[in-house]
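One structure is given here, and the rest of the page talks about it.
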Amino acid sequence: GQNYSTVNIVEPPVDVNGFYSYTGGAFGPTNFDWTYQAPTPTDFYSNIISGVQRLENGNTLICEGVGARFFEIDTNETIVWEYINPVNDLGPQSQGTIISDNNVFRCTRYAPNYPGLIGQTLTPQGYIETGSTFSCTLYPSGVSEHCNTSDIYANDSTNAFCFDTINQVRKCYTNDIPDHVYGPFGGMGAIAGQDFDYSMCLYPDLDTLKTHLFEDTTLQGCGGGTIFGVSDRHQL
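Residue numbering for the sequence shown follows my numbering, starting at 686 and increasing by one per position.
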């Protein structure tokens, strides 16, 4: 058959102190903890190098080393974005050029809270490739563009906008991210003791089981931060 690659994550058996647990025989584990294979397997292949990084939001950043294709997949294994390294031994190439000899060992994403970025002035320096005329709408980290301003349900006492999804998981969104997870919460239409999903959205779009959370703000668990919108479709 034709060649293809997969991404495999291995979770070795360790004890409470982090030491490898070996009980004799073959070393564990016997199976991969997670595997990604392209829907059309031959669409993703590199015979050498390459790398992968699991991101804080659960997405996976993959480097297809030969050909230098970087792409990120979400938890549903849908490609969020992809990019081809436009630099080879001759330097940056023009936008649209069919490039060769641009292999990359791996790529790494640095989150906005990365310690090395604290206190630094981060100013865009333009495109890597030359002659690019592409443009896009930029959103701060954690903001979803799948939003609509037409339907907002608010709790003025806590400045919170919240709702329940069909499976009763509450989603609250804020522009003041705390260093802890909200919850537990209970009250009308909720499951007591369950933490809610947490993200941000500039322009809320509520189309699933909208709930005015004014009956009991203490039980609803939406206090704290400056919460300004929710959406049932979001991406951290």
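Using N, Cα and C, we set each Cβ at its ideal position, and we do this for glycine too.
How would you label residue i, buried or exposed, when you count the other beta carbons within 10 angstroms and need 16 or more for buried?
{"i": "F729", "result": "buried"}
{"i": "I747", "result": "buried"}
{"i": "R739", "result": "exposed"}
{"i": "Q778", "result": "buried"}
{"i": "I851", "result": "Only weak support exists for where I851 lies, its pLDDT of 35 falling under 50; the coordinates are left without a value."}
Below 6 Å CB to CB, which residues in the same chain sit around residue i once its five sequence neighbours on both sides are set aside?
{"i": "Q722", "result": "T691"}
Whose C-beta lies closer than 7 Å to the C-beta of residue i among residues of the same chain, with five residues either side of it excluded?
{"i": "P659", "result": "The requested residue 659 does not occur in the structure, where the chain is confined to residues 686 to 921."}
{"i": "E767", "result": "R754, F755, F756"}
Give the straight-line distance between the Cα atoms of residue i and residue j, rounded to the nearest whole angstrom.
{"i": "F756", "j": "V765", "result": "7 Å"}
{"i": "I803", "j": "A711", "result": "45 Å"}
{"i": "T678", "j": "N770", "result": "Because the chain here runs from 686 to 921, residue 678 falls outside it and cannot be looked at."}
{"i": "P797", "j": "G709", "result": "44 Å"}
{"i": "G801", "j": "V737", "result": "21 Å"}
{"i": "T815", "j": "I784", "result": "13 Å"}
{"i": "Y707", "j": "Y799", "result": "35 Å"}
{"i": "R791", "j": "T745", "result": "13 Å"}
Give me whichever residues DSSP pairs with residue i in a beta bridge.
{"i": "V737", "result": "I747"}
{"i": "I769", "result": "R754"}
{"i": "V789", "result": "Bridge partners of V789: none, in fact."}
{"i": "T782", "result": "Answer is none; T782 lacks a bridge partner."}
{"i": "Y705", "result": "V699"}
Hey, does residue i have any beta-carbon neighbour from chain D nearer than 7 Å?
{"i": "T806", "result": "Protein chain content of the structure displayed is limited to a single chain, and chain D is not contained in it."}
Check each candidate in the options and name the one with the smallest Cα separation from residue i.
{"i": "L775", "options": "P698, N788, I694", "result": "N788"}
{"i": "P697", "options": "G703, G686, P714, Q687", "result": "P714"}
Beta-carbon within less than 8 Å of residue i's beta-carbon, same chain only, minus the 5 sequence neighbours each way: which residues are those?
{"i": "T818", "result": "Q780"}
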